[in-house]
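According to the working numbering, the stretch in the sequence shown is residues 1048 to 1181, in order. Written out below as structure tokens is the structure these notes cover.
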Amino acid sequence: MTITMRAGGEADELLRKVETLSGQNLAGCYQCGTCAASCPLRGSMDLGPDAIIRHLRFGLPDVLDRQSFWVCVGCDGCVERCPRDIDIARIMGALRQISIQENGDHLVVAQLPAAALRKLPPIALVASMRRNTG
Ligand code: SF4
Ligand code: SF4
């Protein structure tokens, strides 16, 4: 995995973008960890939802290089249980959007193997295109 350091101004800009796109105030998070404990996909994430917020708030590196926001399915399990009413699913969505803007589409249909395309239900492909492409 490539680790990309973000300079102070760049980190502030990323935080500002995430807050604008998600409509969430990340300073409200007090790092209780309930979101991570509630997430059914935490085991498949390389950074838990609480840690994503911590990295964004304190300008820690490589948030956009993580896979967590692609793994998040927006089930709202964390949102339901957050004592600060922070909508983490929207934060994950904002990170996907920024990542696509900076790095290009996450899903490139032309690169999918023909066997996978034959097996995939069309609705799954359409849903994935909506979520993972610009
Ligand atoms: S549950 Fe809410 S307050 Fe607790 S760590 Fe997650 S986002 Fe922060
Ligand atoms: S919305 Fe995403 S981060 Fe929150 S519990 Fe569901 S999969 Fe996990």
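Cβ coordinates follow ideal geometry from the N, Cα and C atoms, glycine included. These numbers come from a predicted model, not from an experiment.
Rounding to the nearest angstrom, what Cα-Cα distance links residue i and residue j in this structure?
i	j	result
residue 1155	residue 1175	10 Å
residue 1064	residue 1080	23 Å
residue 1060	residue 1133	20 Å
residue 1172	residue 1115	20 Å
residue 1159	residue 1167	10 Å
residue 1083	residue 1127	12 Å
residue 1058	residue 1092	22 Å
residue 1069	residue 1170	26 Å
residue 1117	residue 1109	15 Å
residue 1090	residue 1161	29 Å
Between the options, which has its C-alpha nearest residue i's C-alpha?
i	options	result
residue 1085	1119, 1140, 1067, 1107	1119
residue 1076	1138, 1059, 1110	1138
residue 1150	1140, 1181, 1106, 1098	1181
residue 1067	1159, 1178, 1140, 1168	1140
residue 1129	1059, 1097, 1092, 1166	1097
residue 1107	1090, 1157, 1056	1056
residue 1102	1178, 1090, 1078	1078
Does any heavy atom of ligand 2 sit closer than 7 Å to the C-beta of residue i?
i	result
residue 1091	no
residue 1129	no
residue 1079	no
residue 1084	no
residue 1174	no
residue 1181	no
Would you call the CB atoms of residue i and residue j closer than 8 Å?
i	j	result
residue 1088	residue 1113	no
residue 1125	residue 1135	yes
residue 1131	residue 1062	no
residue 1100	residue 1073	yes
residue 1145	residue 1153	no
Does at least one heavy atom of ligand 1 sit under 7 Å from the Cβ of residue i?
i	result
residue 1087	no
residue 1170	no
residue 1125	yes
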